[in-house]
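Our numbering runs 201 ahead of the 1-based position in the sequence shown. Glycine included, C-beta positions come from ideal geometry on N, C-alpha and C.
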Amino acid sequence: ASQPLIIEDLGDGISFSDIEVIEYGRRGNEESPFHKSGYYLLPRLSSYFPEELKSLPVYLELYGSKNLGYSLCGLKQSLINMETGIELSDFTVYYKIRTDSVVPIIRNVDISQVPSGKFALNYTLISRSMKELATQTYLFERTKVQDVSWTPENTILDPSFQASVTDDSTSY
202 ASQPLIIEDL GDGISFSDIE VIEYGRRGNE ESPFHKSGYY LLPRLSSYFP EELKSLPVYL
262 ELYGSKNLGY SLCGLKQSLI NMETGIELSD FTVYYKIRTD SVVPIIRNVD ISQVPSGKFA
322 LNYTLISRSM KELATQTYLF ERTKVQDVSW TPENTILDPS FQASVTDDST SY
């Protein structure tokens with residue numbers, strides 16, 4: 202069986218590329234799969250960020266913003282707690298960016314104060330009239346040791362496991 206492949210023309214539209222989290226980035230124009238819009242970008246392969254990692258360096262591209270008809274627009278960076286759906290307002294930042302056919306965006310997001318949980322990092326293009334024009338999202342997880350409160354007293358063991366432990370092994 203065959204199925205037609207439909208490719209949408211985004212030539213006049215405004216959109217973002219995927220958000221790419223990077224391990225390392227620098228300016229460079231060499232030819233390789235790791236170069237985009239004048240930057241060398243080594244991607245991070247995991248969406249898990251332990252407590253030791255204090256920042257989330259990201260790269261994305263904005264396409265077609267020159268079609269807005271003005272030279273500047275707004276970019277909103279926000280963080281959403283995926284378990285509650287609530288935006289963490291302390292992590293919301295607004296930027297002014299220049300419009301063009303392709304706008305590379307590199308940001309280093311401070312996550313040192315982000316608690317444990319699952320989160321969505323959103324970038325939203327905002328017009329002069331504060332209308333949201335395009336959004337892109339990156340999902341990630343974070344664990345901070347001080348957020349985990351474990352004690353033997355608040356741990357419930359499976360009763361079948363408890364029954365399998367013989368008395369002679371509990372004195373160790």
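Sequence-distant residues of its chain with Cβ nearer than 6 Å to residue 290 (five each side left out): On the sequence shown, position 89 is the one that residue 290 refers to. The same chain holds no residue with a CB closer than 6 Å to that of residue 290 once the five nearest residues on each side in sequence are set aside.
Where do the ends of the beta strand (DSSP E) carrying residue 317 lie? The residue given as residue 317 occupies position 116 in the sequence shown. For residue 317, no beta strand (DSSP E) segment is defined, and its DSSP state is neither H nor E.
Rounded to whole angstroms, what is the Cα-Cα separation between residue 365 and residue 308? Along the sequence shown, read from residue 1 onward, the residue named residue 365 stands at position 164. Along the sequence shown, read from residue 1 onward, the residue named residue 308 stands at position 107. Looking at the two C-alpha atoms, the distance is approximately 53 Å.
Contact defined as beta carbons within less than 8 Å: I believe residue 271 pairs with residue 329. What is the distance between those atoms, to the nearest angstrom? Translated into positions along the sequence shown, residue 271 becomes position 70. Translated into positions along the sequence shown, residue 329 becomes position 128. In this structure residue 271 is in contact with residue 329, their Cβ atoms being roughly 6 Å apart against a cut-off of 8 Å.
Check: residue 218 C-beta below 7 Å from any heavy atom of the ligand NAD: Among the ligands in the structure shown, none appear at all, so the ligand NAD cannot be discussed.
For residue 230, which residues from the same chain have a beta carbon less than 8 Å from its beta carbon, with the 5 sequence-adjacent residues on both sides left out? Here residue 230 corresponds to residue number 29 of the sequence shown, with the count starting at 1. Once the five neighbours on either side are set aside, the close Cβ partners of residue 230 are 236 and 239.
Of all the beta strand (DSSP E) runs that stay within the bounds of the stretch 220-307, which reach a length of 3 or more residues? 221-228, 240-244, 249-251, 256-264, 273-282 and 294-299, all fully within the stretch 220-307.
Just the C-alpha distance for residue 261 and residue 253, rounded to the nearest angstrom, thanks. As a first step, residue 261 is located in the sequence shown; it is residue number 60 there, counting from the start. As a first step, residue 253 is located in the sequence shown; it is residue number 52 there, counting from the start. Cα to Cα, the separation comes out at about 24 Å.
Would you identify the three-state DSSP class for residue 365, choosing helix, strand or coil? Against the sequence shown, residue 365 aligns to sequence position 164. Three-state result, residue 365: helix.
Going by DSSP, what residues sit across from residue 311 in a beta bridge? As a position in the sequence shown, residue 311 is number 110, starting the count at 1. Paired residue(s): 256.
Starting from residue 343, trace the beta strand (DSSP E) both ways and give me its first and last residue. Walking along the sequence shown from the start, residue 343 turns up at place 142. Residues 333-344.
Just the Cα atoms here: how many angstroms apart are residue 325 and residue 265? The residue labelled residue 325 in the question sits at position 124 within the sequence shown. The residue labelled residue 265 in the question sits at position 64 within the sequence shown. Cα to Cα, residue 325 sits roughly 14 Å from residue 265.
Under the DSSP definition of a beta bridge, which residues are partnered with residue 216? Within the sequence shown, residue 216 is the residue found at index 15, counting from 1. DSSP lists 264 as the bridge partner or partners of residue 216.
Using only CA atoms, which one of 269, 303, 361 and 312 lies nearest to residue 279? Within the sequence shown, the letter at position 78 stands for residue 279. It is 312.
By the 10 Å Cβ neighbour count, where 16 or more other Cβ atoms means buried, how is residue 306 classified, buried or exposed? Here residue 306 refers to the residue found at position 105 of the sequence shown. Buried is the call here.
Using the Cα positions of residue 322 and residue 363, report the straight-line distance between them to the nearest angstrom. For this step, residue 322 is matched to residue 121 along the sequence shown. For this step, residue 363 is matched to residue 162 along the sequence shown. When only Cα atoms are considered, residue 322 and residue 363 end up about 42 Å apart.
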